[in-house]
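Trainee: Okay, here's the structure, questions in a sec.
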Amino acid sequence: MNKCIFCKIIERQQPAKIVYEDEEIVAIEDIRPQAPVHLLVMPRKHLPSLNEADGADAPLLGRLFAVAAHLARERQLESRGYRTVINNGPWAGQTVNHLHVHVLGGRVFHWPPG
Ligand code: AMP
Ligand code: ZN
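For the sequence shown, the working numbering begins at 3 and goes up steadily by one.
See the structure below:
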């Protein structure tokens with residue numbers, strides 16, 4: 003089976019601006035940023051979406067958000083606020099089927115989202 007684009011980035015087979023990595027998680031800059039800060043935080047493990055995560059993945063899911071918060075703090079986003087988003091499936095607009103948390107900041111975001 004063909005590797006997904008994020009697995010290729012994680013394995014350094016595809017270029018990307020990597021801003022964080024550890025043994026479980028990699029974070030990159032989004033190639034089409036929707037805000038002054040737009041990062042994608044992903045597990046090295048290929049989980050297509052939250053639908054495929056189970057109880058055993060709970061610590062990993064927690065760590066994804068801990069890394070998202072760390073990167074947001076590093077960019078001084080915490081006082082004004084920032085948004086974390088996971089799109090799951092076609093109606094949510096998911097386009098890359100490898101679970102990732104968007105970290106968006108540096109501008110005002112409206113609610114409800116479109
Ligand atoms: P989603 O639509 O929630 O699945 O998010 C996928 C995100 O990945 C989009 O914001 C894309 O701009 C971004 N993206 C797609 N390909 C790449 C790539 N090669 N490098 C960095 N970001 C990418
Ligand atoms: Zn993948």
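Note that beta-carbon positions come from the ideal geometry of N, C-alpha and C, so glycine has one too.
Exposed or buried, what is F8 when buried is set at 16 or more other beta-carbons lying within 10 Å of its beta-carbon?
Mentor: Buried, because 16 or more other Cβ atoms sit within 10 Å of the Cβ of F8.
Trainee: Which of the three DSSP states, helix, strand or coil, is assigned to V110?
Mentor: Coil.
Trainee: Please state whether the Cβ-Cβ distance between L106 and H40 is less than 9 Å.
Mentor: Their beta carbons are under 9 Å apart, which means L106 touches H40 by this criterion.
Trainee: Quick one: what does DSSP say H102 is sitting in, helix, strand or coil?
Mentor: Here H102 sits in coil by DSSP.
Trainee: Using 8 Å as the Cβ pair cut-off and three pairs as the minimum, do the stretch 70-81 and the stretch 9-19 touch?
Mentor: Contact fails: fewer than three Cβ-Cβ distances are below 8 Å.
Trainee: So what's L62 in DSSP terms, helix, strand or just coil?
Mentor: Here L62 sits in helix by DSSP.
Trainee: Kindly indicate which three-state DSSP category R75 falls into: helix, strand or coil?
Mentor: DSSP places R75 in helix when its eight states are reduced to three.
Trainee: Is L63 closer than 9 Å to H102 when the C-beta atoms are compared?
Mentor: Result no, Cβ atoms of H102 and L63 do not sit closer than 9 Å.
Trainee: Given that a residue counts as buried once 16 or more other Cβ atoms are within 10 Å of its Cβ, and exposed if not, what is H100?
Mentor: That one is buried.
Trainee: In the DSSP assignment, the beta strand (DSSP E) including I30 goes from what residue to what residue?
Mentor: Note, I30: beta strand (DSSP E), I27 to E31.
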